[in-house]
Amino acid sequence: MCGIFGMLGGGSVGRTVEALRYLEYRGYDSAGIAASVNGKLRVYKSVGRIDRLQSVIPPDLDSDRTIGHTRWATHGAVSYDNAHPFVSSDNSFAVVHNGIIENYLALKKQLSLRGTVFTSQTDSETVAHVLQHHYKTDVLQAVIATANCLAGAYAIVISTTHDGNLYAIKDKSPLVVGLSDDGVYLCSDVRCVSRWASKVAVVPDKTVIAVSANGVEFYDYDGKRVTMQYFDAERSETETDTCGDFMLKEISEIPDRLRQVTSGYYADGGLGMPRELALQLRRIYMIGCGTAYNSGLHAASVARAFSDVDIIPVIASEYIYGHYPTDAGTLAILISQSGETADTIRAAEKVAAQGGITYAVTNTKSSSLCFKCRCVNYIYAGGEFAVASTKAYNCQLVTLLLILADIARLRGTLDSARHQRLLDSVKALPESAERALADSARIKRLALQIKDSSAVFYIGRVNDYSTACEGSLKLKEISYIHSEAYPAGELKHGTLALMERGVTVIAICTEPALKQKIAASVSEITARGARVITVAPFTIDGCDGIILPQCDASVGGVIAVIPLQLLAYYAAKALNRDVDKPRNLAKSVTVE
Ligand code: F6R
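Per numbering that gives the first Met the number 0, the very first residue in the sequence shown carries number 0; after that it's consecutive.
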């Protein structure tokens, strides 16, 4: 959702391009840099990927002050004119922006009346012109005045010809500062700068930053100096760790990651919630977006079997604007791989404002969500770079099940024998995941058969319904085949009308006790000419099937989703799609 970067230090052009490659997962519509050379701002941009940008940057371009941007288009089409950085009319300020300036039309109108000419349709360009308007003799004062004019969510990095510094302003979009022997970094992604920086600071909302050769200073919007806490940067994997598609690599890591998620959970102190707090709960909301929401949907479905508290899955953006009772007896588990999803962060803020208990479940240490929540637990999935989330889903599921089981244990609704059975089932997951992955040749063959389907429907009952939702999301986002998920019983209440030749139905059934039910659905569907593929620990006569390893029902969804992730991957590959960077999407959605 746009990646921004800035570096003050030698070799900043190369570093910025390297950073933009890393940040490309946040948007890949266009990219650009602005380098300060001999007191002038030199801007290079291009539509498309970083390779194209690199081809327009002179190889000998050298600068010790560069800012850069990868774009996921929100305001204005994908075009050269709408690519960042934007410069002020007098070429004295260059800006890169992640977020949305909600009052940009009003600002644009005022500036236009004063004669400013705009060259793009973006909200971001406005910021460069507002900076020019406020500049008298002191850049810091102009930056603070600009910050006070902006409404919305933004992290903005600014370069200027008026002095040798970089500046930044931040409200509600992620921004980190990294310090290294080579220089100072400003970036929207903590993992990106952690590859070079030894110390990192996660910048709080409504902060202005000035980076000079003498160091980094932080200010509030009144211009008062504020102190910032730095912590040791944690090195993370880099994109060079793979030579193929990230998605396939990430799916293949699932068994190992499942080994780490449980040990990580206990090494971090387990639930991390006092018994009194668990006892006062009246309801638990599982809040997230997309795949993260689906993991909450699934964990809620499983945990209802042992919980006496209402567990309610809610899509984060629905929670923000809907009416959901929230008080001191409410626990909101906010699930986010990136920890930067704007909808989830806004939901966390609303829960906290209404007196509820916020609990983050995330893959990203020091992400914005961690700072918004009272309790935090990590899912230990390792870096996930493919836009389509895979291994994070499996690890989220396990972490959520451990959390909900621990709460039920504290409340006395899950006895120690059942709790132990659940833990034993979790321990067996890595091996089951390996067996599920071993079937990939067959899954690939089936994917070749479904790739030309006019539509694909995923059906399942209870726990399998949420697995269906996740399977369907995976397929549509990377193959662009139309797909939908339904509770299997709902089919005959409307969707059966769509069954015909050319349609494929993926029928998921992890519960052998429901075999007859799924067999009945299969007959209804095949009688209308559609084709069925079952995903179950058994086969059904007359249709293709992917055989799942036997698992306890409480954890079956962690494994059942693996063939669906592979099916989506192979179907997308067969259609020649860019599986890691599907059209119109970005990995980290930092705007509402
Ligand atoms: C789907 C996918 C998205 C994300 C969603 C939430 O494959 O990746 O649906 O799950 O945007 O992202 P996080 O988990 O980072 O909050």
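Ideal Cβ positions, reconstructed from N, Cα and C, are used throughout, including at glycine.
Since this is a predicted model, take the numbers as computed values, not measurements.
Would you grab the beta carbon distance between residue i and residue j for me? Rounded to a whole angstrom, and I think it's under 8 Å.
i      : j      : result
Ile3   : His74  : Going by Cβ atoms, the distance from Ile3 to His74 rounds to 16 Å, so no, they are not a contact pair.
Thr325 : Gly355 : 4 Å
Cys369 : Thr361 : 6 Å
Val502 : Ser453 : 6 Å
Leu563 : Val534 : 7 Å
Ser367 : Ile344 : 6 Å
Val313 : Ile286 : 5 Å
Ala385 : Val578 : 7 Å
Ala93  : Ala72  : Contact doesn't hold; Cβ gap of about 19 Å is too wide.
Ala391 : Lys473 : Not really, about 12 Å apart at Cβ, beyond 8 Å.
Thr125 : Leu106 : 5 Å
Ala341 : Ala152 : 6 Å
Ile442 : Leu566 : 6 Å
Leu330 : Leu280 : 5 Å
From the options, pick the residue whose C-alpha is nearest to that of residue i; which is it?
i      : options                           : result
Ser478 : Arg582, Gly98 and Leu165          : Arg582
Met592 : Leu165, Gly556 and Leu52          : In this structure the chain extends from 0 to 591, so residue 592 is not present and cannot be described.
Ser469 : Ile539, Glu499, Ala526 and Leu396 : Rather than Ser, the amino acid found at residue 469 in this sequence is Glu. The shortest C-alpha separation from Glu469 is found at Leu396.
Gln140 : Ala209, Ser111, Gly114 and Ser91  : Ala209
Thr118 : Gln109, Gly98, Asp80 and His96    : Asp80
Ile56  : Trp71, Arg64, Ile442 and Ala34    : Ala34
Leu401 : His128, Val554 and Val142         : Val554
Lys248 : Ile561, Lys44 and Asn575          : Ile561
Gly222 : Asp181, Ile168 and Gly182         : Ile168
Gln109 : Val129, Ser465 and Ser172         : Val129
Leu276 : Ala519, Ile406, Ala446 and Gln120 : Ile406
Thr121 : Gly114, Ile99 and Arg113          : Ile99
Leu584 : Asp28, Gln448, Glu17 and Tyr21    : Asp28
Lys475 : Ala391, Ser335, Tyr568 and Ile32  : Tyr568
Ser465 : Gly295, Lys44, Leu403 and Glu430  : Gly295
Arg460 : Tyr320, Ala30, Pro486 and Ala559  : Pro486
Ser45  : Asn37, Ser54 and Lys39            : Ser54
Tyr24  : Gly38, Tyr43, Cys1 and Val16      : Cys1
Val156 : Cys508, Ile32 and Asp231          : Ile32
Thr525 : Thr145, Ala435, Arg500 and Gln515 : Arg500
Leu40  : Leu566, Ala150, Ala30 and Leu60   : Leu60
His322 : Leu330, Leu280, Glu339 and Lys349 : Lys349
Arg373 : Ala347, Lys364, Thr398 and Ala380 : Ala347
Arg444 : Ala519, Val36, Ser424 and Ile545  : Ile545
Asn97  : Pro58, Leu399, Glu339 and Gly214  : Glu339
Ala359 : Thr145, Thr159, Tyr292 and Leu421 : Tyr292
Asn90  : His161, Thr145, Pro273 and Pro58  : His161
Tyr229 : Ser365, Asp63 and Ile378          : Ser365
Ala146 : Ile507, Asp170 and Ser158         : Asp170
Phe245 : Arg70, Leu422 and Tyr21           : Tyr21
Pro254 : Ile449, Ala446, Asn393 and Arg576 : Asn393
Any idea which residues DSSP pairs residue i with across the strands?
i      : result
Thr594 : Residue 594 falls outside the range modelled here, since the chain spans only 0 to 591, and no answer is possible.
Asn213 : In the DSSP output, where bridge partners are listed per residue, Asn213 has none listed.
Leu7   : Arg64 and Val183
Arg113 : For Arg113, which the question treats as bridged, DSSP gives no partner whatsoever.
Gly544 : Thr533
Lys169 : Ala154 and Thr206
Ala570 : DSSP lists no partner for Ala570.
Ala200 : Val176
Ser482 : Val455
Thr261 : For Thr261, which the question treats as bridged, DSSP gives no partner whatsoever.
Pro312 : Met285
Ala440 : Per DSSP, none; premise fails for Ala440.
Val94  : Phe85 and Ile157
Leu40  : Ser35
Asp231 : Lys198
Val504 : Phe456 and Val531
Within the 7 Å Cβ cut-off, does residue i reach chain B?
i      : result
Tyr464 : Looking for chain B here will not work: only one protein chain is present.
For the stretch 546 to 561 against the stretch 217 to 232, are there 3 or more C-beta pairs whose distance is under 8 Å? These segments do not touch.
Taking contact to mean 3 or more Cβ pairs, one atom from each stretch, closer than 8 Å, check whether the stretch 575 to 589 and the stretch 489 to 504 are in contact. No, because fewer than three Cβ pairs between the stretch 575 to 589 and the stretch 489 to 504 fall closer than 8 Å, the two stretches do not touch.
If we count Cβ pairs, one from each stretch, closer than 8 Å, do we get three or more for the stretch 11 to 27 versus the stretch 81 to 94? Flag = no, the stretch 11 to 27 and the stretch 81 to 94 do not touch.
Three or more C-beta pairs under 8 Å: does that hold for the stretch 176 to 184 against the stretch 197 to 206? Yes, since at least three Cβ pairs between the stretch 176 to 184 and the stretch 197 to 206 fall closer than 8 Å, the two stretches touch.
The stretch 118 to 138 contacting the stretch 183 to 199, beta-carbon criterion three pairs below 8 Å: With a cut-off of 8 Å, the stretch 183 to 199 and the stretch 118 to 138 do not count as touching, because too few Cβ pairs lie within range.
I'd like to know if the stretch 40 to 54 and the stretch 402 to 417 are in contact, where contact means that at least 3 CB-CB pairs between them fall below 8 Å. Because the criterion of three Cβ pairs below 8 Å is not met, the stretch 40 to 54 and the stretch 402 to 417 do not touch.
Could you tell me whether the stretch 416 to 423 touches the stretch 521 to 535, using the rule of 3 or more Cβ pairs below 8 Å? Verdict: no, contact absent.
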